[in-house]
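K.L.:
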Amino acid sequence: MEIPRHWRLKKQRYGLVGEVCPHCEYKIFPPRDVCPNCGDEAKEQFAFSGKGEVYSFTTVYEAPAGFDANAPYTVAIVKLEEGPMLTAQLTDLGEQPIEIGMPVEMVTRKMRNDGDERGLIVYGYKFRPAVIA
Numbered sequence: 114m115e116i117p118r119h120w121r122l123k124k125q126r127y128g129l130v131g132e133v134c135p136h137c138e139y140k141i142f143p144p145r146d147v148c149p150n151c152g153d154e155a156k157e158q159f160a161f162s163g164k165g166e167v168y169s170f171t172t173v174y175e176a177p178a179g180f181d182a183n184a185p186y187t188v189a190i191v192k193l194e195e196g197p198m199l200t201a202q203l204t205d206l207g208e209q210p211i212e213i214g215m216p217v218e219m220v221t222r223k224m225r226n227d228g229d230e231r232g233l234i235v236y237g238y239k240f241r242p243a244v245i246a
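Below is the structure:
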């Protein structure tokens, strides 16, 4: 990933910032500028709560290049409280079994290194089991 693209996606990756359609109030993630619900322009930023639940999941044993140091790891489709679904890695699981419907929350974690030891360290959103207060 080149550095300009990394900085352009910073809000989305670190703060789970998407968009909301001003016409139909549909929440959009990742940002698209056009509402998939009504087709009108949607450029208003919206910060998602980062809370959601596991909709589906799988474990990756043969990781693609750049992610092989993390294998095996679990990837889930997370349904956010606000509606959109996104794909993200699950983290901080310990011995806890993963279940459909399990509450999760967004955390920022290291994703990978781009390049050698002097390259860019890429961080992004992952989800962990929700901490119940």
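To convert, count from 1 in the sequence shown and add 113; that's this note's numbering.
Every residue gets a Cβ at the ideal spot worked out from N, C-alpha and C, and that includes glycine.
Note that this is a predicted model, so its numbers are computed, not measured.
Which of the three DSSP states is assigned to Ala-201 in this structure?
P.N.:
Translated into positions along the sequence shown, residue 201 becomes position 88. In this structure, Ala-201 counts as strand in the three-state DSSP scheme.
K.L.:
Taking C-beta to C-beta, are Lys-164 and Met-219 nearer than 9 Å?
P.N.:
Mapped onto the sequence shown, residue 164 falls at position 51. Mapped onto the sequence shown, residue 219 falls at position 106. Yes, they are a contact pair.
K.L.:
Taking the alpha carbon of Tyr-168 as the reference point, which residue from Cys-148, Phe-159, Ala-201, Ile-245 has its own alpha carbon closest?
P.N.:
For the purposes of this step, residue 168 is taken as residue 55 along the sequence shown, with counting starting at 1. If we check each option's Cα against that of Tyr-168, Ala-201 comes out closest.
K.L.:
Please report the distance separating the alpha-carbon of Phe-161 from that of Tyr-174.
P.N.:
To locate residue 161, count along the sequence shown from 1; it is residue 48. To locate residue 174, count along the sequence shown from 1; it is residue 61. Phe-161 and Tyr-174: Cα-Cα distance of roughly 30 Å.
K.L.:
For Ala-182, which three-state DSSP category applies?
P.N.:
In the sequence shown, counting from the first residue as 1, residue 182 sits at position 69. The answer is helix: DSSP assigns Ala-182 an H, G or I state.
K.L.:
Give me whichever residues DSSP pairs with Val-217 in a beta bridge.
P.N.:
Residue mapping note: residue 217 aligns to position 104 of the sequence shown, counting from 1. Beta-bridge pairing links Val-217 to Gly-165, Pro-242.
K.L.:
Count the other CB atoms within 10 Å of the CB of Glu-195; is the residue buried (16 or more) or exposed (fewer)?
P.N.:
As a first step, residue 195 is located in the sequence shown; it is residue number 82 there, counting from the start. Under this definition Glu-195 is a buried residue.
K.L.:
Could you give the uninterrupted runs of the alpha helix (DSSP H) lying entirely in the stretch 123 to 162, keeping only those of 4 residues or more?
P.N.:
Entirely contained in the stretch 123 to 162, the alpha helix (DSSP H) runs reaching 4 residues are, in chain order, 123 to 128.
K.L.:
Could you tell me the alpha carbon to alpha carbon distance between Glu-166 and Ile-211, rounded to whole angstroms?
P.N.:
Counted from its first residue, the sequence shown places residue 166 at position 53. Counted from its first residue, the sequence shown places residue 211 at position 98. Cα to Cα, Glu-166 sits roughly 11 Å from Ile-211.
K.L.:
Cα separation between Cys-137 and Glu-157?
P.N.:
In the sequence shown, the residue the question calls residue 137 occupies position 24. In the sequence shown, the residue the question calls residue 157 occupies position 44. Cα to Cα, Cys-137 sits roughly 12 Å from Glu-157.
K.L.:
Measure the C-alpha to C-alpha separation of Leu-193 and Leu-129 and round it to an integer number of angstroms.
P.N.:
Looking up residue 193 in the sequence shown gives position 80. Looking up residue 129 in the sequence shown gives position 16. Leu-193 and Leu-129: Cα-Cα distance of roughly 11 Å.
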